[in-house]
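Undergrad: Provided herewith is a single structure, encoded as structure tokens, for subsequent inquiry.
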């Protein structure tokens, strides 16, 4: 990964790749990351990491699920320590790797 993450979420995609989203720095829990990365285990002996577009709302400890149409939904979690859970969700189209609210 390009950045260390704590309390991030990951989901296996139908393509065999893994989408890793959000999280926060170590134990500071200051602000949820907006960025995401895709891990491709089929490239090289250790796989490769590729940065994708960011979520509209940075979050950590939320939920993530691949939808029937291949898009990925992320919702809930926290945006920063002590803050209320966001009342929003982000959806990424795995093929384009772009998030929308």
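Numbering (this note's numbering), first residue to last: 14 to 114.
For glycine and all other residues, C-beta sits at the position ideal for the given N, C-alpha and C.
Quick caveat, the model's predicted, so the values are computed rather than measured.
So residue 63 is in the beta strand (DSSP E); what residue range does that whole segment cover?
TA: Its beta strand (DSSP E) spans residues 61-64.
Undergrad: Would you give the residue range spanned by the beta strand (DSSP E) that residue 52 belongs to?
TA: Start and end: 49-53.
Undergrad: Determine the DSSP secondary structure at residue 26, reduced to helix, strand or coil.
TA: Reduced to three states, the DSSP call for residue 26 is coil.
Undergrad: Per DSSP, residue 79 is paired with what?
TA: Per DSSP, 85.
Undergrad: Using DSSP with H/G/I as helix, E/B as strand and the rest coil, what is residue 70?
TA: Correct three-state label for residue 70: coil.
Undergrad: Should residue 46 and residue 35 be called a contact, given that it needs their Cβ atoms to be closer than 8 angstroms?
TA: Going by C-beta atoms, residue 46 is nearer than 8 angstroms to residue 35.
Undergrad: Hey, would you say residue 74 sits closer than 8 angstroms to residue 90, going by beta carbons?
TA: Yes.
Undergrad: Report the CB separation of residue 29 from residue 54 in whole angstroms; it is logged as a contact under 8 angstroms.
TA: With 8 angstroms as the limit, residue 29 and residue 54 qualify as a contact, their Cβ atoms being about 7 angstroms apart.
Undergrad: Below 8 angstroms between beta carbons: does that hold for residue 26 and residue 79?
TA: Yes, these two residues count as a Cβ contact at 8 angstroms.
Undergrad: Do residue 104 and residue 85 have their CB atoms nearer than 8 angstroms?
TA: Closer than 8 angstroms, so yes.
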